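Q: The structure that follows is given in the form of C-alpha cells.
Structural data, given as C-alpha cells:
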C-alpha cells in the first residue's frame, strides 16, 4: 500500500473515501522499504542520542501501538517498562514525523515508570520507537510499524478561535483513591489545540501558526514525578497516563508551558480527590 | 490549484473535445435512477460504498424538489460529475429554473456536485458554520478526491451564498421549504429540510440508514438533536444515506440505538478508568451486524466519542 | 456574516482554474519578489514541461534538481527537540534546499554553478530539469540561472512534486550534502 493511499484512507474517514490505490510504487525507492526506515532511524539516533545507538530492549521497554491507526490525529500508544527501577528516561519517537520526538520523559523519585500512555499524531506509514535510558546511561529500544497518514497536515474541522477555547484547562484522574506509598495510575488531561504549524487554512492558504505544549512537569510536593519535553507530535488536547508513588504531601503540582511561553499551573489535592 | 493541473485539465478538455470528460458520466447515467418519494420530490439513492472512480462519489442521497416557479436541489452530489448527472435528470423532468442548491453540511459526498450548477446562478444555501468547515477542509478534500476521480470530474469547492443561522423558509412557488440549522451533531454544519406541502423530512446526514454513521461533530449533540426531532413525529423521510424513503420513527430509532450504544459504552469505559485503546477494540461491537462498512468507521467513532466524553 | 464575502470566496475557488492560465510576465533576470505566487507561463531559453515530459526526461537520465525550501522549524521550538521533516521528491532528484533563491549575490551564484558543474561533469548539453512546487518562483529562478550559466537543455517543470505525485510515486530525498556544505 502506498503512502498516498493511506492519506486517502485516513485523512477523511468521515466522508466516505476508503478507496482504491492511486498507483503502484516500486519497492526500491519506496519510503516504506525496510532499508529506508533503517536509514531514517540511524539519522534519528545520530541527532537525538548524539551518535549513541539503542540496543534491542529484551523486554525492558515494550511499545504497544495499533498496526493501523483509525484516526491519524489521535493514535493511542502505551509504553511498558520492567523492571521499572532500571529506567531513568524515556523517549517516544515517531520516526517520519517532522518533529519526531513526541515526548522525552525524565523520571523522578516519585514516579512509577511501569506504564505510560500517550496520544500522538502520526503523519505517515512510519516506525515508532520507544527508547529507554537505563541507570548506567545505556539505551534500549522497541519499535512498531504503524500505518496512518495525514495526522499532522489533516486540517481541523473547526476554526482557530474555536480550537483555542478552554486552552490550559487541566484534569487529573486516578484509577483508585490515592494512598501515600501505594503506586497508582494517573491520567492527566490537558486542553490545548497543539497547533503544529502544518494545518493550512484552505481559503487564506495560510498555516495556522504552530503553538504546542513543549514542557510538562509533575511534582508531588517537592519531589519530582517526571519532566516531559514534547513537540508537535502530541495529539490535540493531549492525555497522558503515568504511574505515581504518592508521597505524604497530598499535593500534586502540574506545570504546563507551550511554545508561545504561556505557563499554566495547577495544584491537585490528591488525597482528597473523589473522581 | 496548481498551474500544472490546470493546464492538464484544459489540455485534456480542448485537445480531446469536451465530450471526453463526459464519457464516464454517460456510462454512469444508466445507474442514475430517480425515485419520486413525494409528489415532485425526486431522490437518487447513493450507493453504500466508499467513493471510487466508478461511482464518482455518488454515495449520498441527493435530489430535487420542483415547485410551481422553481427547483430546489436538496443536495448536490459527491463530485462535479455526480452533480452533472443530477442536473441532467432535473432537465429531463422540468425546464423551471434551479433557484436553490442546498449544501447540507461540509462533507465532500454532499457538496462537490455544486460546481455543476454554477452557471444556473442559484442561491447556494448552507449552515452558518459551513463556510468555516469548507475553509478549513474543502481544498484538502478536493485534492484527495482528485486522487480518486481525476481533476476533471471533481470540480471546485463552492461556498454558500446564503447562510442559515437558525431557520429559514424558501418559497418555490406554492411550495414552502423550511431549512433548520442544527447544533453540532453529525458535523458542525448540519442543515435539515422540511417540505411543508408533502410533510416530507429531509434531514440529510443527521439520519443514516444501514450505513455506519461517521461521527464528525458531537456525539451528545447528535443524540440530542435526534431526540428533539423525534418528538415532532415525522413520517416519510429521505435519509442522507440508505433507502431513498424511510419512515422517520423506526429509522431514527436504529441510529439512536447505535449512537447511544457508543455513548454508553464509552462512558462506561471512562468511568471504570478504561483506556481509549480498550474502548476502541470493544465498544459498539454489538452493533457490528447492523451496519455496512462498520469496521471502517466504528473504531474511529469510538476514539472521537472518547475524546469528547472524557471532558464531560 | 455577510453573504457577499462568500460569493467572492466562491468566485476565487472557481476562478483559480482560469487564473492559472494567464501567468505573470517574465522578469528580465532572476525574480527577487515573493517566492510563492503567480509564475510566468514561459521561460526564455528553457522549455516548460509537464509531468509526462518530466518522466520521459528522468528515464533518459536527465539531472533533476529540486530547489524546494525545507520547511522551517516552528518558532519557539527548543533546540533539543530535533526538526527532521521528511522531504518527498521525484526519486533520484538532487535537492538543493532553498536553491531557487533569486538574490544571494556572487557567492550564491558560485555555489550554485559549482555544484551543477560537478553533477553534470561540466557537460553544458546535459538535460537538466528544475522544479519545486506549483506557484513557486524557486524553480523558475533555478532554471533561469541554468540558462544564464550557458546550459543548453534546461527544462522548467512548474507542476513540481505535486504534479509528479498525481501520476507517480514520490520518494524521500535527503538534502544534497555538497550543496549544504557549499554554504559554509
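Residue numbers (this note's numbering), protein chains in the order written: chain A, 110 to 384; chain B, 9 to 320; chain C, 441 to 624. Every residue, glycine too, gets a C-beta built ideally from N, C-alpha and C. Source: prediction; values computed, not measured.
(1) Excluding sequence positions up to five away, which residues of its chain have a Cβ less than 7 angstroms from the Cβ of residue 217 (chain A)?
(2) Quick check: what's the CA-CA separation for residue 246 (chain A) versus residue 280 (chain A)?
(3) Under 7 angstroms, CB to CB, which of the residues in the segment 207 to 241 of chain B have a partner in chain A?
(4) Name the chain B residues that come within less than 8 angstroms of residue 187 (chain A), Cβ to Cβ?
(5) Which residues of chain A have a Cβ atom closer than 8 angstroms to the Cβ of residue 616 (chain C), listed in chain order?
(6) Report buried or exposed for residue 303 (chain B), applying the criterion of at least 16 other Cβ atoms within 10 angstroms of its Cβ.
(7) Do we get a CB-CB distance below 8 angstroms when we pair residue 170 (chain A) with the residues of chain C?
(8) Output needed for residue 55 (chain B): all residues of its chain with C-beta closer than 8 angstroms, excluding positions within five of it in sequence on either side, in chain order.
(9) Taking Cβ-Cβ distances below 7 angstroms as the criterion, which residues of the segment 366 to 384 of chain A are in contact with chain B?
(10) For residue 496 (chain C) and residue 588 (chain C), what's the separation of their Cα atoms in angstroms?
(11) State the Cα-Cα distance for the pair residue 291 (chain B) and residue 601 (chain C), rounded to the nearest angstrom.
(12) If we count the other Cβ atoms within 10 Å of its Cβ and call it buried at 16 or more, is residue 233 (chain B) buried or exposed?
(13) Contact criterion: CB-CB distance below 8 angstroms. Does residue 294 (chain B) meet it with respect to chain A?
(14) So what's residue 249 (chain B) in DSSP terms, helix, strand or just coil?
(15) Taking any Cβ of chain B, which residues in the segment 283 to 294 of chain A have a Cβ under 9 angstroms from it, in chain order?
(16) Give every residue of the same chain whose Cβ lies closer than 6 angstroms to the Cβ of residue 164 (chain B), excluding the five residues on either side of it in the sequence, and list them in chain order.
(17) Going by DSSP, what residues sit across from residue 336 (chain A) in a beta bridge?
(18) Could you tell me which of C:582, C:621 and C:594 sits nearest to residue 475 (chain C), measuring between CA atoms?
(19) If contacts are defined as beta-carbon pairs under 8 angstroms, then residue 161 (chain B) and residue 195 (chain B) qualify, I think. What distance do you get, rounded to the angstrom?
(20) Could you confirm whether any beta carbon from chain A is found closer than 8 angstroms to the beta carbon of residue 84 (chain B)?
(21) Measuring only between beta-carbons, confirm whether residue 156 (chain A) sits less than 8 angstroms from chain F.
(22) Which residues in chain A have a C-beta closer than 7 angstroms to the C-beta of residue 311 (chain B)? List them in chain order.
(23) Using the three-state DSSP reduction, which class does residue 265 (chain B) fall into: helix, strand or coil?
(24) Helix, strand or coil, according to DSSP, for residue 234 (chain A) in the structure here?
(25) Put residue 126 (chain B) into one of helix, strand or coil per three-state DSSP.
(26) For residue 352 (chain A) versus residue 380 (chain A), is the C-beta distance shorter than 8 angstroms?
(27) Which same chain residues end up closer than 7 angstroms to residue 220 (chain B) when comparing Cβ atoms and leaving out the 5 residues on each side of it in sequence?
(28) Less than 8 angstroms between the CB atoms is what I'm expecting for residue 528 (chain C) and residue 612 (chain C), so what's the real figure, rounded?
(29) Compare the C-alpha of residue 214 (chain A) against each of A:201, A:299, A:223 and A:205 and name the closest.
(30) Determine the direct distance from the alpha carbon of residue 250 (chain B) to that of residue 80 (chain B), and round the result to whole angstroms.
(31) Residue 315 (chain B) touches chain A at which residues, Cβ-Cβ below 7 angstroms?
(32) Since residue 206 (chain A) and residue 255 (chain A) should fall inside the 8 angstroms C-beta cutoff, what is the C-beta to C-beta distance between them, to a whole number of angstroms?
(33) Between residue 226 (chain A) and chain B, is any beta-carbon pair separated by less than 8 angstroms?
(34) For residue 159 (chain B) and chain A, any beta-carbon pair shorter than 8 angstroms?
(35) For residue 294 (chain A), which beta-bridge partners are listed by DSSP?
(36) Alpha helix (DSSP H) containing residue 606 (chain C): first to last residue?
A: Taking the coordinates as given:
(1) Non-local C-beta neighbours of residue 217 (chain A) in its own chain, meaning closer than 7 angstroms and more than five positions away in sequence, comprise 332, 333, 334 and 335, ordered along the chain.
(2) Roughly 34 angstroms between the two C-alpha positions.
(3) Flagged, chain order: 222 and 224.
(4) In chain order: 283 and 285.
(5) Here the premise fails: no neighbours, minimum Cβ distance about 15 angstroms.
(6) That one is exposed.
(7) Residue 170 (chain A) has a beta carbon lying at 8 angstroms or more from every beta carbon in chain C.
(8) Closer than 8 angstroms at Cβ, skipping near neighbours: 63, 66 and 67.
(9) Correct list: empty, as no residue qualifies.
(10) Distance between the alpha carbons of residue 496 (chain C) and residue 588 (chain C) is about 24 angstroms.
(11) Rounded to the nearest angstrom, the two C-alpha atoms are 42 angstroms apart.
(12) In summary, residue 233 (chain B) is buried, with 16 or more beta-carbon neighbours lying within 10 Å of its beta-carbon over all protein chains present.
(13) For residue 294 (chain B), the answer is no, since every Cβ of chain A falls outside 8 angstroms of its Cβ.
(14) Strand.
(15) Going along the segment 283 to 294 of chain A in chain order, one finds 283, 284, 285 and 294 with a Cβ nearer than 9 angstroms to chain B.
(16) Result list for residue 164 (chain B): 123, in chain order.
(17) Bridge partners of residue 336 (chain A): A:215 and A:326.
(18) Its Cα nearest to that of residue 475 (chain C), the residue C:582 stands out among C:582, C:621 and C:594.
(19) Incorrect: roughly 24 angstroms between the Cβ atoms, too far for contact.
(20) The beta carbon of residue 84 (chain B) does not come within 8 angstroms of any beta carbon belonging to chain A, so the residue lies off that interface.
(21) Note that chain F does not occur in the displayed structure, where the protein chains are A, B and C.
(22) Here the neighbours are 179, 180 and 183.
(23) Residue state, collapsed to three classes: helix.
(24) The three-state secondary structure of residue 234 (chain A), taken from DSSP, is coil.
(25) Helix, per DSSP.
(26) With respect to residue 380 (chain A), residue 352 (chain A) sits apart: the two C-beta atoms are not nearer than 8 angstroms.
(27) Within the same chain, residue 220 (chain B) has close Cβ partners 299, 300, 301, 302, 305 and 306.
(28) Going by Cβ atoms, the distance from residue 528 (chain C) to residue 612 (chain C) rounds to 6 angstroms, so yes, they are a contact pair.
(29) It is A:201.
(30) Whole-angstrom Cα-Cα distance: 21 angstroms.
(31) Simply 183 and 346.
(32) Contact between residue 206 (chain A) and residue 255 (chain A) is ruled out by a C-beta separation of about 11 angstroms, above the 8 angstroms threshold.
(33) True, the Cβ-Cβ gap to chain B drops below 8 angstroms.
(34) Interface flag for residue 159 (chain B) against chain A is unset, since no Cβ pair is found closer than 8 angstroms.
(35) DSSP output for residue 294 (chain A) lists A:352 as bridge partner(s).
(36) Counting along the chain, the alpha helix (DSSP H) containing residue 606 (chain C) begins and ends at 600 to 607.
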